[in-house]
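Visitor:
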Amino acid sequence: MAASIEVVERGRVIAFSFDDMLRYHGGGSPGGVAHAFKVLERALPLLDPDGPCERREIFVDTAFGGPGARDAFELVTRAVTGDRLRIDESLAQPERGRTLERFVFRLHYRDRSVTLALREGFVTEEFIDLARTQGRSAEQERRLDTLKLEMADRVMARPAAEVYDAD
0 MAASIEVVER
10 GRVIAFSFDD
20 MLRYHGGGSP
30 GGVAHAFKVL
40 ERALPLLDPD
50 GPCERREIFV
60 DTAFGGPGAR
70 DAFELVTRAV
80 TGDRLRIDES
90 LAQPERGRTL
100 ERFVFRLHYR
110 DRSVTLALRE
120 GFVTEEFIDL
130 ARTQGRSAEQ
140 ERRLDTLKLE
150 MADRVMARPA
160 AEVYDAD
């Protein structure tokens with residue numbers, strides 16, 4: 000597991016840790032931050048094996064619209080500011096089931112692109128049910144917060160290639 004994600008801006012290498020991403024996000028969606036970390040950890044070396052990539056040339060398309068992932072991608076790539084992060088529902092893969100369908104990310108860099116799809120075992124049905132529940136009770140919010148932390152721990156405990164398949 001990489002200790003940080005490295006990108007280049009104006010000739011200078013910049014490194015971002017998972018903790019950096021959590022601080023930038025504010026901590027409300029640690030699972031989404033963890034997913035973005037692993038997506039970048041997996042995709043960037045495939046997009047530029049000689050890396051690191053120029054941060055402002057990375058494009059992200061995804062069916063996943065969570066705020067933790069959005070903020071992590073913004074911190075590392077400035078893709079939100081640069082209008083290079085697009086939520087694209089057509090990337091969803093419902094045939095993979097409720098826990099996997101939206102965890103699809105297509106990253107582009109210069110003349111290369113890679114599509115990543117989450118593997119089984121990182122997102123639970125209970126998490127999906129609670130995340131999609133409107134008007135959650137205080138007890139449900141506490142449970143969802145616990146599930147988010149547990150998911151972040153599961154995702155961060157594994158090498159990126161064990162979390163996301165790449166096409």
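Numbering that gives the first Met the number 0 puts the first residue of the sequence shown at 0, with every later residue one more than the last. The beta-carbon is built from N, C-alpha and C at its ideal position, and this holds for glycine as well. Quantities reported herein were computed from a predicted structural model and do not represent experimental measurements.
Would you check if the distance between the CB atom of Ile57 and the CB atom of Arg41 is smaller than 8 Å?
Guide: If you number the sequence shown from 1, residue 57 lands on position 58. If you number the sequence shown from 1, residue 41 lands on position 42. In this structure, Arg41 does not lie closer than 8 Å to Ile57 by Cβ.
Visitor: Quick one: residues in its chain with C-beta nearer than 6 Å to the C-beta of Met0, no 5 flanking neighbours on either side, listed in chain order?
Guide: Within the sequence shown, numbered from 1, the residue matching residue 0 stands at position 1. In this prediction, Met0 has a pLDDT of 44, which is less than 50 and means its spatial position is unreliable; what the coordinates show is noted afterwards. Excluding positions up to five away in sequence, the list reads Pro158.
Visitor: Going by Cα to Cα distance, which pick from Asp47, Asp164, Gly65 is closest to Arg131?
Guide: Within the sequence shown, the letter at position 132 stands for residue 131. Comparing Cα-Cα distances from Arg131 to each of Asp47, Asp164, Gly65, the minimum goes to Gly65.
Visitor: In whole angstroms, what is the alpha-carbon distance linking Arg153 and Phe121?
Guide: Here residue 153 is taken as the residue at index 154 of the sequence shown, counted from 1. Here residue 121 is taken as the residue at index 122 of the sequence shown, counted from 1. Answer to the nearest angstrom: the Cα atoms are 6 Å apart.
Visitor: Does Ala160 pass the burial test, meaning 16 or more other C-beta atoms within 10 Å, or should it be called exposed?
Guide: Within the sequence shown, the letter at position 161 stands for residue 160. The residue in question, Ala160, is exposed, as its Cβ has fewer than 16 Cβ neighbours within 10 Å.
Visitor: Output the distance between the C-alpha atoms of Thr80 and Glu73, rounded to the nearest integer angstrom.
Guide: As a position in the sequence shown, residue 80 is number 81, starting the count at 1. As a position in the sequence shown, residue 73 is number 74, starting the count at 1. One C-alpha to the other measures close to 7 Å.
Visitor: Please classify Thr145: is it buried, with 16 or more other beta-carbons within 10 angstroms of its beta-carbon, or exposed?
Guide: Counting from 1 along the sequence shown, the entry for residue 145 is found at position 146. Exposed.
Visitor: Which residues in the same chain as Ala2 place their Cβ atom closer than 7 Å to its Cβ, once the five residues preceding and following it in sequence are excluded?
Guide: Against the sequence shown, residue 2 aligns to sequence position 3. Counting only Cβ-Cβ distances below 7 Å, and skipping sequence neighbours, we find Ser16.
Visitor: For Val7, collect the residues of the same chain with a Cβ closer than 8 Å to its Cβ; drop the 5 residues on either side in sequence, then sort them by chain order.
Guide: Against the sequence shown, residue 7 aligns to sequence position 8. Ile13, Pro51, Cys52, Glu53, Arg54, listed in sequence order.
Visitor: Hey, quick one: how far does the beta strand (DSSP E) through Asp70 stretch, first residue to last?
Guide: In the sequence shown, counting from the first residue as 1, residue 70 sits at position 71. Asp70 -> not in any beta strand (DSSP E); alpha helix (DSSP H) instead, spanning 66-76.
Visitor: Look up Ser112 in the DSSP assignment and say whether it is helix, strand or coil.
Guide: Here residue 112 is taken as the residue at index 113 of the sequence shown, counted from 1. Strand.
Visitor: Who pairs with Val12 in a beta bridge, going by DSSP?
Guide: Position 13 of the sequence shown, counted from the start, is the residue given in the question as residue 12. According to DSSP, Val12 bridges with Val7.
Visitor: Are there 16 or more other CB atoms within 10 angstroms of the CB of Ser89, so buried, or fewer, so exposed?
Guide: As a working mapping, residue 89 is identified with position 90 in the sequence shown. The residue in question, Ser89, is exposed, as its Cβ has fewer than 16 Cβ neighbours within 10 Å.
Visitor: Does DSSP put Glu161 in a helix, in a strand, or in coil?
Guide: Within the sequence shown, the letter at position 162 stands for residue 161. Glu161: helix per DSSP, three-state reduction.
Visitor: From which residue to which residue does the alpha helix (DSSP H) around Thr145 run?
Guide: Counting from one through the sequence shown, the residue named residue 145 turns up at place 146. Its alpha helix (DSSP H) spans residues 137-155.
Visitor: I'd like to check one pair, Asp49 with Asp87: are the Cβ atoms closer than 8 Å?
Guide: Stepping through the sequence shown from its first residue, residue 87 is reached at position 88. Stepping through the sequence shown from its first residue, residue 49 is reached at position 50. Going by C-beta atoms, Asp87 is not nearer than 8 Å to Asp49.
Visitor: Using only alpha-carbon positions, find the residue among Ala33, Gly27, Asp110 that is nearest to Leu46.
Guide: For this step, residue 46 is matched to residue 47 along the sequence shown. Minimum Cα distance to Leu46 is reached at Asp110.
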